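Quick note, the sequence shown lines up with residues 1 to 145 if you use UniProt numbering.
The beta-carbon is built from N, C-alpha and C at its ideal position, and this holds for glycine as well.
Since the structure is predicted, the reported quantities are computational estimates derived from the model, not experimental observations.
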Amino acid sequence: RIPLAGLSKLPNIPQIAKAFCDDATGLKFCPVLYPKASQLIVSYDEHELNNTFKFGVIYQKFKQTQEEELFGNNEESPAFKNFLNLLGETITLQDFKGFRGGLDVTHAQTGTESVYTVFRDREIMFHVSTKLPFTEGDTQQVSEI
């Protein structure tokens, strides 16, 4: 994207090309007339538009360096809880109607809670390591994040 804020006037086609590639100088641009072009572009943009996202959040305690230690954390410190509250709302997964990000909302196979938010019309589900099912000695805890 080219930020338009601060521009006194809209850039012309060569200026836009230059913004994307410094080597785009001295090029000649000719308009191509195709009646359905606008419709095709809109259709493509709608197809590619993604308003749902999922991110993994891992709780790391002081002096933890091994992956097994990180994924073995099944309790949250007050500071981590505060951090999660900044990210979004803790929701109950059972029968959750929003974007689930691949988490199980029927049988609790991926835990009972997660953190979810809507930001600028985009749904975000956070896969939080401490909220995923924990099995002592399971080295595959990472598979759900």
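Which class does residue i belong to by DSSP, given the choice of helix, strand or coil?
i	result
Y34	coil
F99	coil
Y59	coil
K18	helix
K28	coil
E136	coil
T130	helix
K54	strand
S43	helix
E89	strand
Out of curiosity, what's the CA-to-CA distance linking residue i and residue j?
i	j	result
M125	Q60	20 angstroms
R122	F96	16 angstroms
H107	P14	56 angstroms
Y34	I41	11 angstroms
V32	N82	54 angstroms
L27	P11	15 angstroms
residue 162	T52	Past the edges of the chain, shown from 1 to 145, lies residue 162, and the structure says nothing about it.
N50	Y44	12 angstroms
P133	A79	21 angstroms
G98	L86	19 angstroms
N74	T135	9 angstroms
Output needed for residue i: all residues of its chain with C-beta closer than 7 angstroms, excluding positions within five of it in sequence on either side, in chain order.
i	result
A24	A17 and K18
T113	Going by the sequence as given, residue 113 is Glu instead of Thr. Correct list, in chain order: T90, I91, T92, L93 and K131.
V128	V57, L84, S114 and V115
G102	K54
Buried or exposed for residue i, please, with buried defined as at least 16 other CB atoms from any protein chain shown within 10 angstroms of its CB.
i	result
R100	buried
F62	exposed
F71	buried
Enumerate in chain order the residues of its own chain whose CB-to-CB distance from residue i is below 6 angstroms, with the five nearest sequence positions on each side excluded.
i	result
L84	V115
D104	T110
F20	none
G88	V115, Y116 and T117
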